[in-house]
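I have placed the structure first, in the form of structure tokens, so that the comments after it can refer back to it.
Numbering (the working numbering), first residue to last: 32 to 230.
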């Protein structure tokens, strides 16, 4: 099995085995609108980022990408597992994060949406709230003025074009990319030699 790594608090292993979250988590590093568009276009069989565990292909990258520096662990997924990897070390660096914001803003400005009073903006404003379902995003794109740019926006969502699914026994698609996975449960195993900041 290829090894996955994750940095968590020092005593995180005491929570073994961990279970899959039963509720969605909003992204901490990707704009809500972009996350909603990604979920709208997520292909069948790919892990959902709202329930996902995030990991790295090396201990050093796990430490580098951690929000709060702690201890690096090996991640051992168990049960049903869906894995995918992107080329970027962190999804916040994916081109969609800026491109989709720019395109949507530009198209809505041309449609005059920015100048509307609150009542006129209310219908599609939920696109900027966290954790919309695919069906909820789809409903918003049937309303004016989003319905006029539906196909264009769909075509500009590239995240899933570059996210590659793989199995635990496979070579990872990218040497440094962010890994995200859904699993029934997983275990954190401390490294034999603890890795600290400044490795």
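Ideal Cβ positions, reconstructed from N, Cα and C, are used throughout, including at glycine. The structure displayed is predicted, hence computed values, not measured ones.
Exposed or buried, which one is residue 56 when buried takes at least 16 other CB atoms within 10 Å?
-> Residue mapping note: residue 56 aligns to position 25 of the chain shown, counting from 1. Residue 56 is exposed by the Cβ-count criterion.
Start and end residues, alpha helix (DSSP H) containing residue 117 | As a first step, residue 117 must be located in the chain shown, where it is residue number 86. The continuous stretches of alpha helix (DSSP H) do not include residue 117, and DSSP gives it neither H nor E.
Hey, how far is the Cα of residue 50 from the Cα of residue 126?
-> Numbered from its first residue, the chain shown carries residue 50 at position 19. Numbered from its first residue, the chain shown carries residue 126 at position 95. Rounded to whole angstroms, the separation of the alpha carbons of residue 126 and residue 50 is 32 angstroms.
Could you check how far apart the C-beta atoms of residue 204 and residue 211 are, in whole angstroms? I think they sit under 8 angstroms.
-> On the chain shown, position 173 is the one that residue 204 refers to. On the chain shown, position 180 is the one that residue 211 refers to. The Cβ separation is near 13 angstroms, so there is no contact.
Can you tell me where the beta strand (DSSP E) with residue 221 in it begins and where it stops?
-> Translated into positions along the chain shown, residue 221 becomes position 190. Looking at the DSSP string, the run of the beta strand (DSSP E) that includes residue 221 is 210–221.
Decide yes or no for the touch test of the stretch 78–87 against the stretch 179–186: beta carbon pairs closer than 8 angstroms, at least 3 of them.
-> The stretch 78–87, when compared against the stretch 179–186, does not touch it at the 8 angstroms Cβ threshold.
Is it buried or exposed for residue 149, if we count other Cβ within 10 angstroms and need 16 for buried?
-> Counting from 1 along the chain shown, the entry for residue 149 is found at position 118. When all chains shown are included, residue 149 counts as exposed.
In three-state terms, what does DSSP make of residue 188?
-> As a first step, residue 188 is located in the chain shown; it is residue number 157 there, counting from the start. Three-state result, residue 188: coil.
Touch check for the stretch 103–118 and the stretch 212–220: three-plus C-beta pairs under 8 angstroms?
-> Taking a cut-off of 8 angstroms for Cβ pairs, the stretch 103–118 and the stretch 212–220 touch, as three or more such pairs fall below it.
Among residues of its own chain, excluding the 5 on either side of residue 207, which ones have a beta-carbon nearer than 7 angstroms to its beta-carbon?
-> Start at 1 with the first residue of the chain shown, and residue 207 comes out as number 176. Cβ within range, chain order: 88, 92, 120.
Which parts of the stretch 71–132 are runs of the alpha helix (DSSP H), unbroken and 4 residues or longer, counting only runs that do not cross its ends?
-> The qualifying runs are 90–96.
Where residue 47 falls, given that 16 or more other Cβ within 10 Å makes a residue buried | Counting from 1 along the chain shown, the entry for residue 47 is found at position 16. Around the beta carbon of residue 47, a 10 Å sphere encloses fewer than 16 other beta carbons of the protein chains shown; the residue is thus reported as exposed.
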